[in-house]
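Colleague:
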Amino acid sequence: MTVFDVSWEVLRQRQSMKWTRYAPDVLPLWVAEMDCLLSPGARAAVEEAVRIGDFGYHGRLVLEPAWIRYARDSWGLQLDDQQVAACGNVMAGMTALVEHLTPPGAVIATVSPIYAPFRPAATVGGRSLATVEMTDLGRLDLPGLARLFDQRRPAAFLLCNPHNPCGSIATAAELQTVADLARQYQVLVIVDEIHSLVHDPAVEFVPYLSLPGGADGLVVTSASKAFGLAGAAAGLTVAGVNRVEQMWSLPYEVRASASHIGLLAQTAALDFDRAWLAQLNREIVEHKELLAECLAQVGLVYHPSPATYLAWVDCSPLGLVDPAAHFLERGRVAFNGGAEYDPAYGQWIRINLATSPEIVRQAIRRLEVALEGH
Ligand SMILES: Cc1ncc(COP(=O)(O)O)c(C=O)c1O
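Position in the sequence shown (from 1) plus 7 gives the number in this note's numbering.
(1) Could you check how far apart the C-beta atoms of SER23 and GLU40 are, in whole angstroms? I think they sit under 8 Å.
(2) What's the C-alpha gap between HIS65 and THR274?
(3) Can you give the Cα-Cα distance for ALA177 and ARG146, rounded to whole angstroms?
(4) Of the choices ILE268, GLU290, PRO219, GLY63, whose alpha-carbon is the least far from that of ALA314?
(5) Among the residues of its own chain, which have a CB less than 6 Å from the CB of ASN343, if the five just before and after it don't count?
(6) For ALA346 and ALA230, I'd like the C-alpha separation in whole angstroms.
(7) From the DSSP secondary-structure annotation, give me the bridge partner or partners of SER135.
(8) Would you identify the three-state DSSP class for GLY344, choosing helix, strand or coil?
(9) What are the partner residues of TRP355, as DSSP defines its beta bridges?
(10) Identify whether PRO313 lies in helix, strand or coil by the three-state DSSP scheme.
(11) Let's test the definition: count the other Cβ atoms within 10 Å of the Cβ of TRP355 and tell me whether it reaches 16, buried, or not, exposed.
(12) With distances taken from CA atoms, which of ALA153, GLY269, ALA163 is nearest PHE125?
(13) Mapping DSSP to helix, strand and coil, what is GLU211?
(14) Quick one: residues in its chain with C-beta nearer than 6 Å to the C-beta of LEU257, no 5 flanking neighbours on either side, listed in chain order?
(15) Give the DSSP-derived three-state secondary structure of HIS206 in the structure shown.
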């Protein structure tokens, strides 16, 4: 039994964004939803809630202690219960932190390319955005970041680690440099660690708050990406020890907007579905290798990234005007176009590999069809 053993017929019945955005003949490998059934613990929690009609407001804390247990067991990160608070979802948490903890009109920094909703989060309330480009290897450009901090004096830096779309994981040394620069230039670091559970088991993930400099940082995260629970909105803000008071100064609504069902499902997943997650991570490694092989047949080079189930692929060797649009139109396969992440990356596509190997193969066959006669 593999995690992505779900029939096409079942997937096609879904009413979520991934399966309804395009016409029924389009194979969707775009938005970060997963083509799996719920993991067993999450499913049991949701079924129990349905059985007893447990659809009220959320009550006692559940996800917060589950995250503390998960962070301790997985990363040896010791968090105090005051450091962790629920939020509606990760982007709502990030937006609220920017809005309430930086002055109006401030410059907010991030990297580029970047998961598109970072831009509205950074520019909330008229703040302005400053970006530093990721390196050719999809890593943080630390000298570039230092220059940006020096020249633009941002109030906050929004970091995405693991990175969407590049799939890279920052090392402890890279993160420490970020923390050192942040202290030097008085920049609030807000790290989105939503993809921290999905990575090659051979590669280590280092939580920002585990670093000495992490005490001044804030993290937004959730178990939703790893367990296919994106639509059951719930997330967490996690404060470095020097930011606890500021985190709790956010409006009550930020915490209250988490969905009770999402909190219950993520909690159960974190506590009971770690073997399922390990299996998922093994399968994603295989899917990346499969993708690399398939893409080589069409003259594209993909180096499997250590993290996320999203593959970031440069299609410029194909000489297409707009690769994502071309594949959609001619091959009936939907990927995210790179311009979503940075207008300069229109030659790139992002492929969602949280699906079966058969669907990955079929997607690349469709991509080949789209290239025929081109
Ligand atoms: C880096 C990153 N942050 C945030 C999100 C969205 O999280 P949420 O739905 O909890 O706002 C995603 C979704 O793909 C993501 O990739």
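Here a beta-carbon is modelled for each residue, glycine too, at the ideal position from N, C-alpha and C. In this text the structure is predicted, and so the values were computed from the model without any measurement.
Modeller: This is what the structure gives:
(1) Position 16 of the sequence shown, counting from 1, holds the residue named residue 23. Position 33 of the sequence shown, counting from 1, holds the residue named residue 40. Indeed, because the Cβ distance is near 6 Å, the residues count as touching under 8 Å.
(2) The residue labelled residue 65 in the question sits at position 58 within the sequence shown. The residue labelled residue 274 in the question sits at position 267 within the sequence shown. If you take the alpha carbons of HIS65 and THR274, they lie about 13 Å apart.
(3) As a position in the sequence shown, residue 177 is number 170, starting the count at 1. As a position in the sequence shown, residue 146 is number 139, starting the count at 1. In this model, ALA177 and ARG146 are separated by some 7 Å (Cα to Cα).
(4) Counting from one through the sequence shown, the residue named residue 314 turns up at place 307. Of the candidates ILE268, GLU290, PRO219, GLY63, the one whose C-alpha sits nearest the C-alpha of ALA314 is GLU290.
(5) Looking up residue 343 in the sequence shown gives position 336. Result list for ASN343: TRP37, ARG357, in chain order.
(6) Locating residue 346 in the sequence shown gives position 339, counting from the first residue. Locating residue 230 in the sequence shown gives position 223, counting from the first residue. So the two alpha carbons sit approximately 27 Å from each other.
(7) Here residue 135 refers to the residue found at position 128 of the sequence shown. SER135 is bridged to VAL114.
(8) Your numbering for residue 344 matches position 337 in the sequence shown. Reduced to three states, the DSSP call for GLY344 is strand.
(9) Here residue 355 refers to the residue found at position 348 of the sequence shown. In DSSP, TRP355 forms a bridge with ASP321.
(10) The residue labelled residue 313 in the question sits at position 306 within the sequence shown. Here PRO313 sits in coil by DSSP.
(11) On the sequence shown, residue 355 is found 348 positions in, with the first residue counted as 1. When all chains shown are included, TRP355 counts as buried.
(12) On the sequence shown, residue 125 is found 118 positions in, with the first residue counted as 1. It is ALA163 whose Cα lies nearest to the Cα of PHE125.
(13) Counting from 1 along the sequence shown, the entry for residue 211 is found at position 204. Of the three classes helix, strand and coil, the one that applies to GLU211 here is coil, per DSSP.
(14) For the purposes of this step, residue 257 is identified with residue 250 of the sequence shown, where counting begins at 1. Closer than 6 Å at Cβ, skipping near neighbours: ALA103, HIS107.
(15) Within the sequence shown, numbered from 1, the residue matching residue 206 stands at position 199. Here HIS206 carries a strand assignment [DSSP, helix/strand/coil].
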